[in-house]
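Numbering (our numbering), first residue to last: -6 to 252.
In structure tokens, the structure reads:
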């Protein structure tokens, strides 16, 4: 009976032991499973966080790329409009310079044509004056010869029986009249020549003044071109630069119209 009881208690202890071991093993399995589940959960959340981080980085990179592209497009657009405005300004300056040159050339051609006409008239009057002067010199020589002959007759060096004395007096009178007429024509020619010479001098003065004014305009235009080269085109906003160029061209055109 004692053996059975001992055996029974040993079985109970053994069973309790195995139950304890199984329970411990079970709890260890549960703990291990909970641990692995925790590790998997942590790994999952880490993966999710990593994915979210990379998605955030990709989104940020995308928006930065979009902003960069928008910025470069704005810069390119601004540069394009600045180039267009600069080209428009240079074309306006070239057109202004061209029209100034055409106006100056037309003015000089008109002046040169008028001056050539006046010079032609002056040459005609000068030729007439030279012709009258030559005739006057010839008449003067003839008068001096007639006077010498008349004095010779008067002093008795020549014979007056053949009527030479009367002839010489007539020649002397004719010579005096010719000289008087030549002097009158000379004065008339000088009177005709004087206005032409005066007008010619005035025209020369006017051409010198015009040449000086044109040189001043050319210097102003060159100064405008030099000022343009010193401008930083990018410092002007497109619309303001365009408006500034239009005002500048309008002022230059008004200046040309006013002379």
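Cβ atoms here follow ideal geometry from the backbone N, Cα and C, with glycine treated the same way. On a predicted model such as this, the values are computed, not experimentally measured, just so you know.
With burial defined as no fewer than 16 other Cβ atoms inside 10 Å of the residue's Cβ, what is the status of residue i: buried or exposed?
i	result
residue 75	buried
residue 24	exposed
residue 175	buried
residue 168	buried
residue 78	buried
residue 82	buried
residue 9	exposed
residue 153	Caution is warranted here: a pLDDT of 46 is assigned to residue 153, below 50, making its placement in the model unreliable, and no coordinate value can be reported.
residue 249	Since pLDDT at residue 249 reaches only 48, below the 50 mark, its modelled position is unreliable, and the value read off the structure follows with that caveat. By the neighbour-count rule (16 or more Cβ atoms within 10 Å), residue 249 is not buried but exposed.
residue 5	exposed
Please find out if some non-hydrogen atom of the ligand NAP comes closer than 7 Å to the beta-carbon of residue i.
i	result
residue 176	The model depicted lacks the ligand NAP and carries no ligand whatsoever.
Check your understanding: So does the region 80 to 95 actually touch the region 177 to 187, counting three or more Cβ pairs closer than 8 Å?
Key -> Verdict: no, contact absent.
Point to revise | Minimum length 4: unbroken alpha helix (DSSP H) runs contained in the region 91 to 118 | key: Taken in chain order, the whole alpha helix (DSSP H) runs of length 4 or more contained in the region 91 to 118 number zero.
Practice item. Run through the region 20 to 64 for me and flag every whole alpha helix (DSSP H) of 4 or more residues, listed as ranges in chain order. Key: none
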